[in-house]
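S.K.: Here it is: the structure, laid out below.
What follows is the structure in structure tokens.
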């Protein structure tokens with residue numbers, strides 16, 4: 001940094017330093033040195049004074065020594081030759097009777113960071129390890145780590161390493177912890193300190209003597225230890241129990257991290273630890289320092305991935321204070337969304353509603369989108385709030401609300417009526433690009449229900465020449481096309497004008513090509529256009545459950561208590577936490593291109609890609625060979641997102657209906673339809689159904705509200721069976737529970753068809769149509785007209801009849817249990 | 001935890017003092033810090049961790065300083081923050097106030113401290129009581145190579161030196177509880193808790209052995225006695241001098257105290273407390289003309305107790321003008337730079353109710369910007385009283401010389417984060 005008068009100052013200081021009168025007066029000498037350091041702190045380059053400062057090193061005044069060392073350590077790398085002169089006086093200081101001076105000299109000797117001096121440093125360091133003063137040993141131990149860091153390629157003498165190992169038993173706890181740190185650094189290549197049983201037990205026994213920094217260090221290193229027996233494991237855990245509820249958040253987090261790593265094979269123990277730690281974690285969330293609070297909230301987000309219900313009752317702790325910084329508020333809102341349940345939803349929504357009008361625009365928008373996510377399971381309440389917010393006519397709020405509504409409507413199509421009503425008049429307040437894009441999308445897709453849609457579009461089309469944003473123009477074109485399909489009379493003229501503008505005047509190639517594409521598409525006929533532009537929509541009677549499968553602890557345990565959870569972008573955490581389908585069709589992600597026309601062989605690829613452990617058995621014979629029952633286990637990972645499910649389901653259904661005509665053996669999957677008699681299930685709340693299913697590792701993805709007809713639930717699971725060949729055989733089962741309310745007649749009919757088809761079914765046929773004869777029989781015997789059966793449709797891939805049958809038994813049991821509880 | 005270097009910056013991002021501990025991150029990386037900070041602030045993504053390339057900056061702000069730790073590893077973030085706060089704590093104990101001026105005036109001590117607090121990126125000696133024994137601010141006094149080795153560096157009782165002498169042996173115990181309350185606009189208490197701390201001022205000779213008895217519910221449950229009110233404490237934190245093993249086994253708080261002032265323990269009680277001072281407010285805003293504020297404060301504590309220096313801070317719109325006040329007691333003042341009315345009541349007896357009315361004019365041209373809705377906050381202090389009912393039952397002082405010492409106990413309840421939301 002250029003500093004005015006810098007050179008002049010340096011010259012003056014040099015004169016003063018070499019003045020014998022100053023040198024003879026200790027106080028003046030020290031003050032001059034003080035001036036040098038002050039000038040250095042101000043950013044002036046005083047490296048030219050190096051030789052004078054080296055001389056000043058030889059003094060009895062400790063403070064002066066320290067100052068000179070600060071100077072020397074800063075400039076040593078620029079003057080390696082002159083630094084050699086310092087070594088002598090430093091080595092002399094290492095013999096000083098005062099341990100403070102010895103440790104000071106030793107520390108600065110290693111801080112010079114000059115590879116050329118290593119040979120002179122080694123001897124005092126070795127002596128330092130055996131010094132009688134603990135403070136010298138502390139420095140010496142770390143000194144070896146610094147030497148190694150300086151020359152990572154050179155080997156540290158094995159004798160030194162041994163000595164360091166023996167110093168782990170030093171009476172001073174800081175020396176012990178420094179030894180651990182040094183060995184970790186020196187033996188980095190070999191994976192760190194060797195953690196064996198005696199060392200582990202020794203460290204654990206001395207844990208209490210350490211300060212919190214030491215405790216964290218020891219706990220971290222011990223994560224590598226694997227107890228030899230379960231008894232030993234539990235001994236360790238009970239010894240550490242008091243640290244788990246330590247009032248110091250870093251110690252608590254380090255202990256939890258250790259718990260999770262040593263008990264990784266015992267999920268029950270991990271869960272118990274997580275529950276025990278929730279108190280101290282909540283306390284950390286209320287910690288006085290905002291950074292610590294932030295760290296705690298971020299780590300709670302990790303925990304919630306595995307134990308979503310852990311903190312449900314403590315939701316109030318995540319209410320935001322007025323003066324809290326936006327980054328904490330945002331994370332807290334994300335946590336609140338996770339904690340929503342039937343009891344607290346009213347309170348949480350009320351609180352979030354208050355944040356929507358926050359002066360900080362980001363906080364307000366985050367609150368609105370949080371309400372939108374809760375809306376996936378509590379759509380009515382949330383829509384009411386969102387609609388109310390539109391009345392404020394604030395542009396950033398309206399924009400966030402419209403975007404949230406767009407996302408919500410995609411997942412919960414039953415909301416579309418309310419949304420359509422609310423949208424009227426929004427266009428006047430919307431300013432920003434994202435908000436207007438969202439509005440245009442909604443106008444295009446739900447245009448037939450929004451009376452003012454054509455007029456809104458017309459205004460925009462008239463002003464399209466002055467529109468700067470390409471995104472808006474693209475969206476406008478698509479929306480107008482869509483609207484044309486449902487309201488041709490009102491839209492035809494403006495569509496013509498827009499297409500004309502885009503093709504003749506627009507300079508952007510993308511835009512022009514898109515317009516040309518639509519133009520040619522229209523030439524192909526209205527039906528073709530409709531097929532392209534009005535794709536499938538979700539079944540409006542379905543809602544997606546907000547809950548998602550708990551992820552195994554191992555998925556995040558590695559990054560617990562590090563920097564990672566804090567720097568993970570909030571958005572990333574959100575999309576990772578739930579596979580939201582919102583932008584899928586609108587902005588298809590490259591990896592989600594499971595189009596309807598995709599051939600089934602692709603599915604297999606996708607699946608083996610998503611799960612490495614999955615070995616797709618390439619023929620159905622394998623499935624049959626395994627019919628000697630192997631124990632079946634269900635698991636939820638890899639998770640299937642709602643949109644993946646929908647793609648797979650529709651695709652297989654289409655395949656199944658096609659299959660009726662021609663039987664081609666291409667795909668290895670099975671399709672079953674069954675009937676189970678457990679009508680009371682219809683009256684279960686979706687939450688209890690989901691909870692029951694999750695107990696046996698079946699994930700419910702979507703449901704209709706109770707008492708509605710037709711009532712349906714979609715679910716999926718993965719089956720795993722260990723074969724004699726040791727390769728685990730994994731299949732994915734997708735299922736639908738359906739109750740139309742007229743099952744009786746249907747069941748009867750189907751029984752007939754199933755019987756007739758049963759004969760025709762070949763071994764190679766992947767269609768298995770069966771009927772739970774017992775159920776049907778009982779139905780007909782009892783003749784209870786009001787009793788309804790639930791139609792279970794299952795789809796399995798790859799095919800494994802045996803697993804499928806076992807799965808069906810599990811499912812039937814769950815349904816019957818639920819049913820009997822309700823009775 | 002491994003922090004590579006520690007920096008102290010002023011508000012403009014100029015490095016006041018720095019220490020390179022590991023040498024694995026280029027020291028000039030800090031020049032990007034301020035730029036990053038501003039960029040993140042603009043995008044509304046301000047966060048205590050910022051990254052540039054593979055260098056992570058973890059920072060805290062204290063008065064007019066930024067304390068920044070750099071690292072290029074996935075290190076333990078909460079530990080780094082804990083260390084940065086420890087730095088603040090140590091510096092504050094040395095210089096009373098940690099700010100730009102005190103750093104510049106004492107940079108020699110700061111260098112010395114940075115040297116002792118951390119080595120090679122690992123925290124070393126962080127106890128300020130120990131540090132104060134061998135790093136003194138009287139650096140100006142020339143001592144020729146102190147031959148005295150501070151005993152505390154290696155001593156078993158690291159927080160107390162031997163040979164302390166007082167003419168009159170006394171110990172003062174302060175039990176201080178602060179209440180945090182958040183009340184919703186409709187008057188329901190959203191959350192409340194009590195943060196308590198027991199502070200000592202020890203003026204005792206020699207190496208005394210102290211034992212403190214509290215009406216701790218767990219202790220009374222253990223011994224089976226159940227006399228009167230007991231208190232359930234959570235998140236109890238002790239000074240390092242307290243023998244934790246004894247507390248865990250039989251809940252006895254026994255210790256050799258550090259000399260002078262220290263915080264013996266802190267605790268949290270997470271119960272539903274009745275807000276000690278209850279505020280009802282009606283704020284009516286008539287656009288383009290005026291704002292009418294009516295605030296009623298009620299003391300919901302025992303009649304014998306008195307709250308001192310009560311301050312009720314009521315937010316007003318930023319464009320309000322011409323204030324008029326009427327109070328039944330105390331006086332109200334408009335603080336335009338904070339957009340607040342501060343109503344001060346010197347002494348507020350329990351069970352009483354007071355009223356304040358305020359009237360403001362509003363300009364006819366309405367402020368376009370959205371106004372934030374700050375809550376009403378209350379500050380107060382009630383002596384001779386603890387909300388939780390915690391009591392010091394005894395304090396035993398035993399020293400081998402057998403002197404008589406007097407313990408003095410004082411109770412104070414004060415407001416912590418005490419917020420009541422308004423509906424405007």
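Residue numbers (our numbering), protein chains in the order written: chain A, 1 to 823; chain B, 1 to 424.
Idealized CB from N, CA, C, for every residue including glycine.
The structure displayed is predicted, hence computed values, not measured ones.
1. In chain A, which residues lie less than 9 Å from residue 175 of chain B when you measure between Cβ atoms?
2. Would you say residue 19 of chain A reaches chain B, if we count a Cβ-Cβ gap shorter than 8 Å as a contact?
3. Residues in the stretch 287 to 309 of chain A with C-beta within 7 Å of chain B's C-beta atoms, listed in sequence order?
4. Please name the residue, chosen from A/115, A/220, A/76 and A/656, that lies closest to residue 559 of chain A on a Cα-to-Cα basis.
5. Residue 178 of chain A versus chain B: which residues are under 9 Å apart at the beta carbon?
6. Taking Cβ positions only, does residue 419 of chain B come closer than 8 Å to chain A?
7. From residue 373 of chain B to residue 358 of chain A, what distance separates their C-alpha atoms?
8. With 7 Å as the C-beta to C-beta threshold (strictly closer), list the residues of the stretch 327 to 359 of chain B near chain A in chain order.
9. When you compare the CB positions of residue 72 of chain A and residue 112 of chain A, do they come within less than 8 Å of one another, or not?
10. In chain order, what residues of the stretch 313 to 345 of chain A put their CB closer than 8 Å to some CB of chain B?
11. Pick out whichever of B/240, B/164 and B/376 has its Cα sitting closest to the Cα of residue 322 of chain A.
12. If we cut at 8 Å on Cβ distances, does residue 128 of chain B have a partner in chain A?
13. If you measure from the beta carbon of residue 395 of chain B to each beta carbon in chain A, is any gap under 8 Å?
14. Put residue 425 of chain A into one of helix, strand or coil per three-state DSSP.
15. Would you list, in chain order, the members of the stretch 95 to 119 of chain B that have their beta-carbon closer than 8 Å to a beta-carbon of chain A?
16. What is the residue span of the beta strand (DSSP E) that residue 171 of chain B lies within?
17. Measuring alpha carbon to alpha carbon, tell me which residue in A/348, A/57, A/373 and A/206 is nearest residue 239 of chain A.
18. Along chain A, in chain order, which residues have C-beta atoms closer than 8 Å to that of residue 374 of chain B?
19. Whose C-beta lies closer than 6 Å to the C-beta of residue 773 of chain A among residues of the same chain, with five residues either side of it excluded?
20. Rounded to whole angstroms, what is the Cα-Cα separation between residue 528 of chain A and residue 522 of chain A?
21. Assuming residue 324 of chain B contacts residue 358 of chain B (C-beta within less than 8 Å), just tell me the rounded distance between them.
22. Looking at the structure shown, is residue 166 of chain B part of a helix, part of a strand, or coil, going by DSSP?
23. Chain A beta carbons: is any one of them nearer than 8 Å to that of residue 76 of chain B?
24. Taking the Cβ atom as the reference point for each residue, do residue 814 of chain A and residue 696 of chain A lie within a distance shorter than 8 Å?
25. Can you tell me which of the three DSSP states residue 523 of chain A falls into?
26. Going by DSSP in three states, residue 79 of chain A sits in which element: helix, strand or coil?
27. Indicate whether at least one CB of chain B lies closer than 8 Å to the CB of residue 107 of chain A.
28. Please work out which residues of its chain come closer than 6 Å, Cβ to Cβ, to residue 146 of chain A, disregarding the five sequence neighbours upstream and downstream, and give them in chain order.
29. What whole-angstrom Cβ distance do residue 49 of chain A and residue 10 of chain A have, given they're in contact under 8 Å?
30. I'd like to know if residue 562 of chain A contacts chain B, where contact means its C-beta is closer than 8 Å to some C-beta of that chain.
31. With 8 Å as the threshold, decide whether the Cβ of residue 10 of chain B is near any Cβ in chain A.
32. In terms of residues, what are the limits of the alpha helix (DSSP H) holding residue 70 of chain B?
33. Going residue by residue through the stretch 332 to 383 of chain B, where are the continuous beta strand (DSSP E) segments of at least 3 residues, counting only ones entirely within it?
34. Any chance you could list the beta strand (DSSP E) runs of at least 3 consecutive residues sitting entirely within the stretch 226 to 308 of chain B, in chain order?
35. Tell me the DSSP secondary structure of residue 446 of chain A in three-state form.
36. From the beta carbon of residue 146 of chain B, is the nearest beta carbon of chain A less than 8 Å away?
M.R.: Walking through what the data contain:
1. Translated into positions along the second chain, residue 175 of chain B becomes position 175. Here the premise fails: no neighbours, minimum Cβ distance about 18 Å.
2. For the purposes of this step, residue 19 of chain A is taken as residue 19 along the first chain, with counting starting at 1. Answer no: the Cβ-Cβ gap between residue 19 of chain A and chain B never drops below 8 Å.
3. Answer in chain order: 289, 291, 292, 294 and 295.
4. For this step, residue 559 of chain A is matched to residue 559 along the first chain. Closest by alpha carbon: A/220.
5. Residue 178 of chain A sits at position 178 when you count from the first residue of the first chain. Within 9 Å Cβ-Cβ: 119, 120, 122 and 124.
6. Position 419 of the second chain, counted from the first residue, corresponds to residue 419 of chain B. It does; some Cβ of chain A falls within 8 Å.
7. As a first step, residue 373 of chain B is located in the second chain; it is residue number 373 there, counting from the start. As a first step, residue 358 of chain A is located in the first chain; it is residue number 358 there, counting from the start. Annotation: residue 373 of chain B to residue 358 of chain A spans about 8 Å, alpha carbon to alpha carbon.
8. Near chain A, meaning a CB-to-CB distance below 7 Å, no residue of the stretch 327 to 359 of chain B qualifies.
9. In the first chain, counting from the first residue as 1, residue 72 of chain A sits at position 72. In the first chain, counting from the first residue as 1, residue 112 of chain A sits at position 112. Against a cut-off of 8 Å, the Cβ pair of residue 112 of chain A and residue 72 of chain A comes out as a contact.
10. Answer in chain order: 316, 317, 319, 321, 322, 325, 326 and 327.
11. As a working note, residue 322 of chain A is residue 322 in the first chain. The option with the nearest alpha carbon to residue 322 of chain A is B/376.
12. Along the second chain, one-based indexing puts residue 128 of chain B at 128. Residue 128 of chain B does not count as touching chain A.
13. Mapped onto the second chain, residue 395 of chain B falls at position 395. Cβ-Cβ to chain A under 8 Å: no for residue 395 of chain B.
14. By one-based count along the first chain, residue 425 of chain A stands at place 425. Look at residue 425 of chain A here: in three-state DSSP terms it is coil, with no helix or strand label.
15. Listed by position along the chain: 107, 108, 111, 112, 115 and 119.
16. As a position in the second chain, residue 171 of chain B is number 171, starting the count at 1. Here the beta strand (DSSP E) through residue 171 of chain B covers 170 to 183.
17. On the first chain, residue 239 of chain A is found 239 positions in, with the first residue counted as 1. Nearest to residue 239 of chain A by alpha-carbon distance, out of A/348, A/57, A/373 and A/206, is A/206.
18. Counting from 1 along the second chain, the entry for residue 374 of chain B is found at position 374. 322, listed in chain order.
19. Start at 1 with the first residue of the first chain, and residue 773 of chain A comes out as number 773. Confidence at residue 773 of chain A is low in this model, with a pLDDT of 38, below 50, so its placement is unreliable and the value that follows should be read with caution. No residues qualify anywhere along the chain.
20. On the first chain, residue 528 of chain A is found 528 positions in, with the first residue counted as 1. On the first chain, residue 522 of chain A is found 522 positions in, with the first residue counted as 1. Residue 528 of chain A and residue 522 of chain A: Cα-Cα distance of roughly 8 Å.
21. For the purposes of this step, residue 324 of chain B is taken as the residue at position 324 of the second chain. For the purposes of this step, residue 358 of chain B is taken as the residue at position 358 of the second chain. Contact flag correct, Cβ pair sits at about 7 Å.
22. Within the second chain, the letter at position 166 stands for residue 166 of chain B. Of the three classes helix, strand and coil, the one that applies to residue 166 of chain B here is coil, per DSSP.
23. Taking the first residue of the second chain as 1, we reach residue 76 of chain B at position 76. Chain A contact via Cβ: present.
24. Stepping through the first chain from its first residue, residue 814 of chain A is reached at position 814. Stepping through the first chain from its first residue, residue 696 of chain A is reached at position 696. Cβ atoms of residue 814 of chain A and residue 696 of chain A: closer than 8 Å.
25. Within the first chain, residue 523 of chain A is the residue found at index 523, counting from 1. Residue 523 of chain A sits in a helix when the DSSP states are folded into three classes.
26. Working through the first chain from its first residue, we reach residue 79 of chain A at position 79. Under the three-state reduction of DSSP output, residue 79 of chain A falls in the coil class, being neither helix nor strand.
27. Residue numbering aside, residue 107 of chain A sits at position 107 when the first chain is read from its first letter. Under the Cβ distance rule, residue 107 of chain A counts among the residues neighbouring chain B, one pair being separated by less than 8 Å.
28. Stepping through the first chain from its first residue, residue 146 of chain A is reached at position 146. The answer, listed in chain order, is 110.
29. Counting from 1 along the first chain, the entry for residue 49 of chain A is found at position 49. Counting from 1 along the first chain, the entry for residue 10 of chain A is found at position 10. Cβ-Cβ separation between residue 49 of chain A and residue 10 of chain A: approximately 7 Å, consistent with a contact (criterion under 8 Å).
30. Position 562 of the first chain, counting from 1, holds the residue named residue 562 of chain A. Output row for residue 562 of chain A: interface = yes.
31. In the second chain, residue 10 of chain B corresponds to position 10, counting from 1. Taking Cβ atoms only, chain A never reaches closer than 8 Å to residue 10 of chain B, which makes this a no.
32. Residue numbering aside, residue 70 of chain B sits at position 70 when the second chain is read from its first letter. First-last for residue 70 of chain B: 65 to 71, but that is the beta strand (DSSP E), not the alpha helix (DSSP H).
33. Correct list: 340 to 349, 353 to 361 and 376 to 383.
34. Entirely contained in the stretch 226 to 308 of chain B, the beta strand (DSSP E) runs reaching 3 residues are, in chain order, 234 to 238, 253 to 255, 260 to 269, 277 to 286 and 290 to 299.
35. Position 446 of the first chain, counted from the first residue, corresponds to residue 446 of chain A. In this structure, DSSP gives residue 446 of chain A a state outside helix and strand, which the three-state scheme calls coil.
36. The residue labelled residue 146 of chain B in the question sits at position 146 within the second chain. Residue placement at residue 146 of chain B is flagged as unreliable, the pLDDT there being 45, under the threshold of 50; a coordinate-derived value is accordingly withheld.
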